[in-house]
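Mapping to my numbering: the sequence shown position 109 is 430, numbers consecutive. Take a look at the structure below.
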Amino acid sequence: MPAFTATPAVGGGTEYSLSVQTLLFMTALVFLPAMLLMMTAFTRIVIVLSLLKQALGTTTVPPSQVIVGLSLFLTFFVMSPVLNQVNDVAIKPLMDNQISMQQALQTGAAPLRTFMLTQTRQEDLALFV
């Protein structure tokens with residue numbers, strides 16, 4: 322199929338056709354909720370707000386949808402410096418064709434990795450290594 326092509330790029334990388342890029346983008350969107358749960362403070366915020374709701378003795382007010390919405394808002398607030406850094410070092414240079422997709426993924430992962438490592442205790446990391 323001519324619509325699905327991969328051509329070697331000048332810097333040694335690979336450039337994909339628009340249809341392949343669209344397929345990869347849609348696949349990334351499928352994994353976005355899982356990444357939200359695993360790579361941000363969303364789960365921690367939901368747990369804290371749920372415990373606060375139970376500590377106040379209100380089992381139905383506020384509803385769980387409100388807690389999830391508030392947690393989502395707070396997650397975006399907490400993650401905004403990290404996301405701004407990813408935008409500055411990876412997304413903008415990629416859109417300006419200054420770096421390749423592979424370089425953007427590597428440089429964009431660094432701020433997320435730093436954020437996740439600061440939120441993890443060293444004892445927990447040693448358990449998995």
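C-beta atoms are modelled at their ideal positions from N, C-alpha and C, and glycine is treated no differently.
- The Cβ neighbour count for Thr381, taken over all protein chains shown within 10 Å, is under 16; the residue is labelled exposed.
- With a 10 Å radius around the Cβ and a threshold of 16 neighbouring Cβ atoms, Pro432 comes out buried.
- Listed in chain order, the alpha helix (DSSP H) elements of length 4 or more contained wholly in the stretch 342-427 are 363-376, 385-407 and 413-416.
- Of the candidates Gln427, Val341, Thr435 and Ser401, Gln427 places its Cα closest to the Cα of Ala411.
- One alpha carbon belongs to Asn408, the other to Leu370, and they sit about 29 Å apart.
- Comparing C-alpha distances from Thr435 to each of Ser338, Val341 and Thr361 shows the shortest one belongs to Thr361.
- Burial is judged here by how many other beta carbons sit within 10 angstroms of a residue's own beta carbon; Val450 has fewer than 16 and is exposed.
- In the three-state scheme derived from DSSP, where H, G and I count as helix and E and B as strand, Arg442 is classed as coil.
- The alpha-carbon of Leu357 is positioned some 20 Å away from that of Leu344.
- CA-to-CA, the gap between Met359 and Arg365 works out to about 10 Å.
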